[in-house]
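Counting in this note's numbering, the sequence shown runs without a single skipped number right up to 571 at its last residue. Ideal placement from N, C-alpha and C gives every residue a C-beta, glycine not left out.
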Amino acid sequence: MTSPQPKKTSPQSTLSMRHAAEKAASGRTPRTRTKQSKDALKRTRGFLRRFTTPLLPDDYTVLINPLWSSRELRGRIEAVSYPTDETVTLRIRPGWGVPVDFHAGQYIGIGVLIGGRYTWRSYSLTDAPETHDGIFTITVRAIDEGRMSRHLVNLAEPGMHIRLAAPAGDFHLTEPVPEKILFISAGTGITPIVAMLRSLMSREDMNDVTVIHSVRHRSDLLYAEVLEQVAAYPETKVILRVTGEDTDEAYGPRISPDDLETLVPDVRERVVYACGPQPLLDGLETWAEEREIELRTERFTLDRASDATGGAITFAQKSTTVEADGATTILEAAESAGIMLPFGCRMGICQTCVQQLSAGFVHDLRTNETHEPGSRIRTCVCVAAGDVTVDC
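Here's what the structure looks like:
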């Protein structure tokens with residue numbers, strides 16, 4: 180009778196078992212160690228505060244390293260590259276306290292000192308969370324009236340310090356991932372979708388994906404290498420529309436909702452993610468609603484052409500009044516006067532900027548609605564329709 184042979188254990192398995200046993204014995208996971216380190220740093224700051232009064236420990240630590248601020252979230256530009264003449268890609272190292280976890284498709288807020296005051300905008304992260312190395316990556320296109328985008332494209336350089344807002348946004352992959360997905364984008368609207376595509380590839384979940392992307396000229400195309408990688412999967416399809424007037428570049432007309440059922444016959448079975456200019460998204464929203472198709476959108480800009488006349492905006496708690504035209508949001512008017520109101524996405528989505536309207540009427544650039552006194556308004560997308568008072 181042969182006695183049973185003991186199972187062989189590979190060196191890798193032995194090491195893994197030993198590591199698990201040590202971790203279980205210590206009760207300290209990487210997440211636990213991170214929390215303990217932060218708690219220890221907070222206790223140290225509290226102790227040092229007794230000796231630095233009337234200054235704060237921050238006033239000294241930022242002299243050693245500007246990223247060590249605990250009063251505001253900061254970052255440092257580590258690398259700058261130019262994928263096209265009008266765009267810049269920035270690699271940003273987050274400072275102490277900046278959350279680095281995010282969902283594919285989310286954005287971060289960027290604050291840059293321009294003309295003596297901080298200007299804020301939100302930009303989509305383009306890395307996959309699964310392969311994220313702790314450095315944020317964004318791509319910015321300079322637009323004609325974009326004060327921030329022009330500044331970053333023309334003046335950003337390695338070593339430049341900026342302010343940050345934590346990753347946020349509802350435009351991201353959900354769990355579980357939809358079985359069939361259609362991504363639609365135009366121009367720099369591809370940036371959040373690139374993060375989602377990279378995420379799907381990294382988790383080997385690129386099962387049934389179709390991508391439709393539109394640019395004006397071939398030279399405007401961003402992340403061509405990502406689209407090529409996606410197109411190599413057997414169950415994926417990439418449709419590129421180059422809509423420039425030059426005949427040798429014209430691969431097809433602009434994306435139209437009316438074309439989708441021809442381009443993607445099973446579109447009604449798919450979850451649709453779309454990011455691009457307002458006319459494209461407006462058309463898609465009407466199209467999807469009529470067909471009861473699940474559509475998720477992200478808007479980069481607001482349509483500032485409204486009937487609002489502007490007026491005097493009074494910030495009651497600050498006893499400050501600012502004159503603003505019908506294209507300047509309540510939030511922008513406050514910032515122009517040095518009043519720092521809370522904000523997040525600056526696109527009317529996250530609700531961080533909501534304030535009480537005490538008097539007057541405001542026009543919502545996102546929904547085209549007019550809000551009355553007593554309403555809770557999103558200051559990042561509302562403009563004055565006459566003189567108004569906001570309770571902040």
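Residue i and residue j closer than 7 Å at C-beta
i	j	result
residue 360	residue 450	yes
residue 503	residue 489	yes
residue 259	residue 335	yes
residue 560	residue 505	no
residue 534	residue 571	yes
residue 474	residue 467	yes
residue 439	residue 374	no
residue 501	residue 512	yes
residue 388	residue 415	yes
residue 262	residue 401	yes
residue 577	residue 281	Here the chain comprises residues numbered 180 to 571, so residue 577 is not present and cannot be evaluated.
residue 391	residue 418	yes
residue 267	residue 331	yes
residue 422	residue 397	no
residue 272	residue 251	no
residue 455	residue 436	no
Residue i, DSSP secondary structure in three states
i	result
residue 535	strand
residue 343	strand
residue 372	helix
residue 466	helix
residue 295	coil
residue 382	coil
residue 523	coil
residue 514	helix
residue 309	helix
residue 543	strand
residue 458	helix
residue 495	helix
residue 509	helix
residue 334	helix
residue 554	coil
residue 568	strand
residue 208	Any reading at residue 208 is ruled out, since the residue's pLDDT is 44, under 50, leaving its predicted position unreliable.
residue 316	strand
residue 366	helix
residue 201	Bear in mind that a pLDDT of 46 at residue 201, under 50, signals an unreliable position, so the model cannot answer this.
residue 185	Its pLDDT being 46, under 50, residue 185 is placed unreliably by the model, and the measurement read from it follows with that caveat. Three-state DSSP puts residue 185 in coil, outside helix and strand.
residue 562	strand
residue 213	With a pLDDT of 49 at residue 213, under the threshold of 50, the modelled position of this residue cannot be trusted, and the question is left open.
Residue environment, residue i, which counts as buried when at least 16 other CB atoms sit within 10 Å
i	result
residue 285	buried
residue 399	buried
residue 367	buried
residue 337	exposed
residue 477	buried
residue 576	Here the chain comprises residues numbered 180 to 571, so residue 576 is not present and cannot be evaluated.
residue 405	buried
residue 279	exposed
residue 555	exposed
residue 453	buried
residue 519	exposed
residue 254	buried
residue 308	buried
residue 444	exposed
residue 558	buried
residue 186	With a pLDDT of 45 at residue 186, under the threshold of 50, the predicted position of this residue should be treated as unreliable, though the coordinate-derived value follows. Exposed: under 16 other Cβ atoms inside 10 Å.
residue 508	buried
residue 370	buried
residue 313	exposed
residue 296	exposed
residue 551	exposed
residue 377	buried
residue 515	exposed
residue 301	buried
residue 420	buried
residue 318	buried
residue 393	buried
(request) Could you pull out every unbroken alpha helix (DSSP H) segment of at least 4 residues lying fully inside the segment 387–455, listed in chain order? (result) 403–410 and 439–442, all fully within the segment 387–455.
(message) For the structure I just gave you, are there three or more beta carbon pairs, one from the segment 493–502 and one from the segment 560–570, closer than 8 Å?
(response) At 8 Å Cβ cutoff, the stretches touch.
(message) I'd like to know if the segment 337–353 and the segment 275–294 are in contact, where contact means that at least 3 CB-CB pairs between them fall below 8 Å.
(response) yes
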